[in-house]
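Heads up: the structure comes next, in structure tokens.
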Amino acid sequence: MKKKVLATLLATAMVVSCLAGCGKSGNDAAGSPATDSPATDEAAPATDDAAQAEDETAPAADASGSPVDTLIANTTGTVTMRVWASEEDQDFTNTLLDNFKAAYPDVTFDITLGAESESTAKDTVLTDIEAAADVYAFADDQINELVQAGALQEVAAHYTYDVAAENAGGAVEAATVDGKLYAYPMTADNGYFMFYDSSVFTADDVKSLEKMIEVADAAGKKIAMDISNGWYIYSFFQGAGLELSLNADGMTNTCTWNAAGGTDVAQAIIDLTASNVFVDMGDEDMATQIAEGNVVACVNGTWRAETAQEAWGDNYAACKLPTFNAGGKDCQMSSYSGYKLVGVNPHSANLGWAMLLAEFLTNEEAQAARFETRGLGPANITAASSDAVQSNPAIAALAAQAAYATPQRVGGNFWSPAETLGQILASGNPDGTDLQTLLDTTVEGITAPVE
């Protein structure tokens, strides 16, 4: 039944879209939806044959009604669904689920909520895709493997709003694989930027990492960054125009860190840490050192905002990452952008309702409420432009850094070689290894075939 209803709904979406006018923007009112893909059968599970999605006994769709109306009209009995959200998001998600059920009072729902971290969702889902939740949240760097495994329903049509049009371009990119949208952006807050104590640094000081080191040294304080972590050391090489990317196979990497200019970046990291002011420090230690007053600036993410605010009070500030000098050239530090997404399981017995629920959990109102309740930055363009969001130092800094950020798309062989490189450079290259040799070895490991 789910195949027949979904095919009908998607066909209705196309008809209503055409009646509304070709090329209409994504700000359609509810009831005037449009398809996101020209092929109506692509929204069916990847394992379904197109012919299976059509059936002469499928309920007839009324072209004058919305897909939501059609979905309700073709629903009989109780709509049963399971949702997975993080442990921290349970109370908030329960509230949204209650609101969703209240929005459709003529339908009987049985929706259960389970706890699953966005960081581990992929592993849990891929253990048994058919047994996984109908709707689940996950970190955007998991999307390639989920799509390859057939664990995500393509967002081939929308019911109440245009997902691609209403969310920031970076978030949509993060939810897209091979030109097709496979998830619903939920947050845009998993990147990193610079926190600082404004009683120590001026707004001009934080534009340059070298200047920050000079100022912090005079104050007898430290600036912290987890240089030995591949997620962070990426910012130096990418900032200097040396790239790292995931290959089409979704497993191996292309890396140019050992190309011309790479040794300048490596030497810059050695020089910066040689100051004993710019220090290599993990997240938990960083939190302790901020609280104790030793660290007055750090490269970190929104999860450290409360720590910094409690320590620095009215002097708590944040900004995009600074520049650093490599080979006589000032380079803007780059970063990884990170998003939390919501996906729909193509094996859901109530696929149309699961897609509608995913929209509801990630629409403008939900993202604005998630920010107000949990402080998580919205991916939705309108929600992100609100005064409340813009007045939040961490979220505003993340937005400023977004222009220099890229979604994290790397194969598994990246992390260990990058971590080793960071450890060596942060400790001053104690063995005196030739930097070109060091980078060649690192790149060899990063680009190695996956066995």
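Quick note: the sequence shown uses this note's numbering, first residue 71, plus one each step.
The beta carbon of each residue, even a glycine, is placed where N, CA and C say it ideally should be.
Bridge-paired residues (DSSP) for residue i
i	result
Phe456	Note that residue 456 is Ser in the sequence shown, not Phe. Beta-bridge pairing links Ser456 to no other residue.
Val414	Val205
Lys292	Val365
Ile360	BP columns for Ile360 are empty, so no partner.
Thr324	Ser315
Trp423	None; Trp423 has no bridge partner.
Ile181	Met151
Met264	Val369, Cys389
Tyr406	Thr476
Val247	Lys250
Nearest to residue i (by Cα), restricted to the options the options
i	options	result
Phe162	Ala439, Gly220, Tyr474	Ala439
Thr146	Tyr206, Asp267, Ala185, Phe179	Phe179
Thr257	Gln160, Leu427, Ser345, Glu188	Glu188
Gln160	Ala173, Lys171, Thr182	Thr182
Met403	Val414, Tyr409, Val412, Lys390	Lys390
Glu157	Ala202, Ala201, Phe208, Ala172	Phe208
Phe271	Ala286, Asp259, Tyr262, Gly261	Ala286
Val177	Ala203, Ala496, Thr150, Asn237	Thr150
Gln493	Asn433, Asp457, Gly300	Gly300
Cys401	Gly413, Val459, Thr190, Glu280	Glu280
Val138	Pro448, Leu426, Phe170, Asn499	Leu426
Ser461	Asp341, Gly447, Ala488	Gly447
Ile303	Asn450, Ser269, Tyr262	Tyr262
Pro255	Ala473, Glu429, Asp457, Asp319	Glu429
Gly332	Val153, Arg152, Leu508, Thr148	Leu508
Nonlocal neighbours in the same chain, by C-beta distance under 6 Å from residue i, ignoring five residues either side
i	result
Lys277	Pro392
Trp382	Asp267
Asp504	none
Asp350	Ile297, Ser298, Ala496
Glu313	Thr326
Ala155	Thr163, Ala207
Ala453	Glu434, Gln437, Ala438
Inter-residue Cα distance where the pair is residue i and residue j
i	j	result
Lys192	Gly240	21 Å
Ile213	Ala143	33 Å
Asp510	Ala330	12 Å
Ala424	Ala436	16 Å
Asn328	Thr140	57 Å
Thr127	Asn420	Bear in mind that the predicted position of Thr127 carries a pLDDT of just 28, short of 50, making it unreliable; the figure below should be weighed with that in mind. Going from the Cα of Thr127 to the Cα of Asn420 covers about 18 Å.
Ala464	Glu284	24 Å
Ile339	Tyr409	28 Å
Arg479	Ala172	39 Å
Glu521	Thr197	20 Å
Gly371	Gly135	45 Å
Ala273	Phe306	21 Å
Gly352	Gly290	20 Å
Asp204	Asn237	23 Å
Val366	Ala375	13 Å
Leu216	Leu491	30 Å
8 Å Cβ shell around residue i - same chain, five flanking residues per side excluded
i	result
Cys92	With a pLDDT of 34 at Cys92, under the threshold of 50, the predicted position of this residue should be treated as unreliable, and no value is reported.
Pro477	Asp210, Asp211, Gly240, Glu243, Ala244, Tyr406, Ser407, Gly408, Tyr409
Counted within 10 angstroms of its Cβ, other Cβ atoms place residue i as buried (16 or more) or exposed
i	result
Ser405	buried
Thr512	buried
Ser486	exposed
Pro175	exposed
Gln223	buried
Gly482	exposed
Gln359	buried
Lys292	buried
Residues near residue i in its chain [Cβ-Cβ closer than 7 Å; skip 5 each side]
i	result
Thr324	Ser315, Asn317, Thr517
Pro519	Thr322
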